[in-house]
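Sequence lines, in order, name chains Z and E. Numbering-wise (the numbering used here), the first sequence opens with residue 958 and increments by one. Numbering-wise (the numbering used here), the second sequence opens with residue 41 and increments by one. Yeah, the Cβ is synthetic: ideal placement off N, Cα and C, and Gly gets one too. Because the structure is a prediction, the values reported are computed rather than measured. Written out below as structure tokens is the structure these notes cover.
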Amino acid sequence: MAEQAMILLVFLPLLAACLAFVLAGTPARVIAGITMAALPALMLPITVDVIDQGEIAHSLGGHAAPLGIRLVADGSGALMLWLVAIIGSLASLHAWFSFRDQPDAEGTFWPLWLILIAGLNGMFLSCDLFNLYVAMELVTLSAVALVALAGGPVALSAAMRYLLLAMLASLAYLLGVVLIYNATGTMDFRLLAADLEATPEVIISLVLITVGLLLKTAIFPLHVWLPRAHASAPGPVSAVLSALVVKASLFVLYRIWFWSGAELDLAPAEWVLGLAGAGAIIYGSLAALVQSRLKLLVAYSTVAQLGYLMMIFPLASLLAWPAANYQIMAHALAKAALFLAAANILRGQGTDRLQELGGLDRRQPIDLFAFGIAGVSIMGLPPSGGFLAKWMFLETAWAQAAWGWLAVMVIGSLLAAAYIFRALAGMLTSRQTEFQARIRPVHRAMSLSALALALLALASGFASSPILELLGLEPPGLSVDS
Amino acid sequence: MQAEIYVAASAAVFGTGVYGLILARHILRKLLALNLMGGGVFLLLITLGGGADGPPDPIPQAMVLTGIVIAVSATAFALAMLVRLYQETGRATLELEDDDQEGGGDG
């Protein structure tokens, strides 16, 4: 049952994408809606089995590795799949209403959207490096097309830059995979662990794979493509891009690092990755602080929050693992909420320039409320999920007496508070400007989907024990804090 | 000996691609450079799976086929987007935009 569900998670959206493309119009919207609503239902048997057995696997068509394709779901994989299902469904609800008045864009939106979801599920389920490459390309091409869907010179330039850098990243990754296959004769994450030795060929291939994945994740200083692409995409697209797409490539890096590379001594490289993360936290937060437009502020905040996810490398330990997974989850929920709320504000006011958003509390109270609640989690204030993630990170840094990393994370939280409060202050103070007529109406469901995501980000701080239980099984490359 | 020549050639082709991607300004040249890089990877893949002693390994062959399909579709998509970009802006290069510019994306 769970194994069939794993297959359906990838193939159902793909099939639906083909149908949506052929049928177009209202049927396409209905097909996409049904498919997205089915994802959480498919996750139930998988979750039950993962909690029961720790990990489930299925070889497609009965062909075993290395020739066959193996799908694997473990605790953290299941958590990521849940995020795709929940954020994907709520963002689809938003898109259902926000694309209704743009029939031209809608015809291409739903097929691309479903392909993106299929690719994401594929990335979180794949267990070998080449299959991952295929899923990653599916995600990249559909993501770029969805950014370009916004139209206009700004979005097109951003999409083009995204595409060129993503293709460069894919080729670096592929070259690394080729070298690793030559050195070990396998591409399965788990089988690799036994065969990896620190030969020059393996080290070069690991560097290529890591740099490729960091470029796709937009980790500082490889982040240049992200703010523009995420800020100029349509609302639901920005939400899924910032919440899920950049996390998927980082999730792959975690797997390679902690599953396959468990036997290697990677300490110097871990330090470099940590430094990149620290740079991301400081630079991204400062850049967010000086933005004049709301969506760009939210996009730079993504650059900063991704930096926390790199802290797992220098702080690798049993406590850092749930911390990183929790940060992925909390940030994904909160950032999706922020982007949907920002898109609603842009739609309702005709601009997202912070200067012109004064008095928003009277004009779009629900969107502003969703923005504020999600902001609480981004800042890491209790009792949100973001608080729990950052608390676990600080705890592990404290236990290892890693004062430098600790200081960076604390400064990052302070800066996050500064940029969120700056945005909120601008929107709450009334400047007595004459209220322009709303440019386009914001449907109640669009505001509620943003609010639901924000409340989920907050709730993930309360409901931590089932999530930590699901994460249960730790990767082998981690040790207890000394 | 033959394998070494192919490996060196693929490294040279890949390197030329990286060089072109970074230095070329016209997007069409950048796309050609990316395809050159892909060619380098595929050449390496075929060489390493060539099987100097014994039958060739089928997995790299399958990987190259998949890789070529992906490269072709990515290039086609990029070209279509380039045409659209040229129609919208009159340019076929990427310039750094002013961050204060009003973007789209209110959908």
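(request) Within 10 angstroms of the Cβ of D140/E, are there 16 or more other Cβ atoms? Answer buried if so, exposed if not. (result) Annotation note: pLDDT 46 at D140/E (below 50); position unreliable, coordinate value reported separately. D140/E is exposed by the Cβ-count criterion.
(request) Using a Cβ-Cβ cut-off of less than 7 angstroms, list which residues of the segment 1112-1133 of chain Z approach chain E; keep chain order. (result) A1112, L1113, S1114, A1116, M1117, R1118, L1120, L1121, M1124, L1125, L1128, L1131, L1132
(request) Taking the CB atoms as reference points, tell me whether D1318/Z and S1404/Z lie closer together than 8 angstroms. (result) no
(message) Please list, in chain order, the chain Z residues whose beta carbon lies closer than 9 angstroms to that of L119/E.
(response) Neighbours of L119/E on chain Z: none; closest Cβ ~11 angstroms, over 9 angstroms.
(message) Count Cβ pairs between the segment 1231-1244 of chain Z and the segment 1364-1371 of chain Z that sit closer than 8 angstroms; are there 3 or more?
(response) yes
(request) Could you tell me the boundaries of the alpha helix (DSSP H) in which E1227/Z lies? (result) 1224-1246
(request) Evaluate Y1283/Z with the Cβ neighbour count: other Cβ atoms within 10 Å of its Cβ, from every protein chain shown; 16 or more gives buried, anything less gives exposed. (result) buried
(request) Mind checking the segment 74-90 of chain E against chain Z and listing, in chain order, the residues whose C-beta falls within less than 7 angstroms of any C-beta there? (result) L74, M77, G78, V81, L84, L85, L88
(message) If you reduce the DSSP assignment to three classes, tell me which class L1028/Z lands in.
(response) strand
(message) I need the DSSP call for S50/E, collapsed to helix, strand or coil.
(response) helix
(request) Go ahead and pull the three-state DSSP assignment for S1016/Z. (result) strand
(request) Just confirm the distance between the C-beta atoms of G1332/Z and I1377/Z, as a whole number of angstroms; I'd bet it's less than 8 angstroms. (result) 4 angstroms
(message) Less than 8 angstroms between the beta carbons of L1275/Z and L1221/Z, yes or no?
(response) no
(message) So if I threshold CB-CB distances at 9 angstroms, which residues from the segment 1076-1089 of chain Z count as touching chain E?
(response) F1087
(request) Taking all protein chains shown into account, decide if F1419/Z is buried (16 or more other Cβ within 10 angstroms of its Cβ) or exposed. (result) exposed
(request) Give the single residue among G1076/Z, L1069/Z, P1322/Z whose Cα lies nearest to the Cα of L1103/Z. (result) L1069/Z
(message) What does DSSP give as the partner residue(s) for S1083/Z in the beta ladder?
(response) L1028/Z
(request) Can you pull the chain Z residues whose beta carbon is under 9 angstroms from the beta carbon of T106/E, in chain order? (result) F1087, Y1090, V1091
(request) Quick one: measure Cβ to Cβ for P1002/Z and A959/Z, integer angstroms, because I've assumed they're closer than 8 angstroms. (result) 4 angstroms
(request) Mark L63/E as exposed unless 16 or more other C-beta atoms lie within 10 angstroms of its C-beta, in which case mark it buried. (result) exposed
(request) List the residues of chain E whose Cβ lies closer than 7 angstroms to the Cβ of D1139/Z, in chain order. (result) Residue 1139/Z is actually Asn in this sequence, not Asp. Within 7 angstroms Cβ-Cβ: L88.
(message) When you compare the CB positions of A1052/Z and P1193/Z, do they come within less than 8 angstroms of one another, or not?
(response) yes
(request) Report back the beta-carbon spacing between G60/E and R69/E to the nearest angstrom; my notes put them in contact at under 8 angstroms. (result) 6 angstroms
(request) Report all residues from its chain with a CB closer than 7 angstroms to the CB of A1374/Z; omit the five preceding and five following residues, and keep chain order. (result) M1336
(request) Establish whether the CB of R124/E and some CB of chain Z are separated by less than 8 angstroms. (result) yes
(request) Let me know the secondary structure DSSP gives R1310/Z once reduced to three states. (result) strand
(message) Using only CA atoms, which one of A49/E, A73/E, E44/E, V81/E lies nearest to V1135/Z?
(response) V81/E
(message) Would L1113/Z and A1105/Z qualify as a contact pair, given that the criterion is a beta-carbon distance under 8 angstroms?
(response) yes
(message) In chain order, what are the residue ranges of uninterrupted beta strand (DSSP E) at least 3 long that sit wholly in the segment 960-1020 of chain Z?
(response) 1012-1016
(request) Could you work out which residue in L1149/Z, L1077/Z, D1009/Z, G1079/Z is closest to E1219/Z when comparing CA atoms only? (result) Rather than Glu, the amino acid found at residue 1219/Z in this sequence is Ala. If we check each option's Cα against that of A1219/Z, L1149/Z comes out closest.
(message) Less than 8 angstroms between the beta carbons of F1296/Z and V1255/Z, yes or no?
(response) yes
(request) Assuming L1132/Z contacts L1165/Z (C-beta within less than 8 angstroms), just tell me the rounded distance between them. (result) 5 angstroms
(request) In angstroms with no decimal places, state the Cα-to-Cα distance between V967/Z and N1088/Z. (result) 12 angstroms
(request) Check the DSSP bridge columns for R915/Z and list the partner residues they point to. (result) A question about residue 915/Z goes unanswered here, because the residues of chain Z that appear run from 958 up to 1439.
(request) Apply the 10 Å Cβ neighbour rule to V1197/Z and answer buried if 16 or more other Cβ atoms are within range, or exposed otherwise. (result) buried
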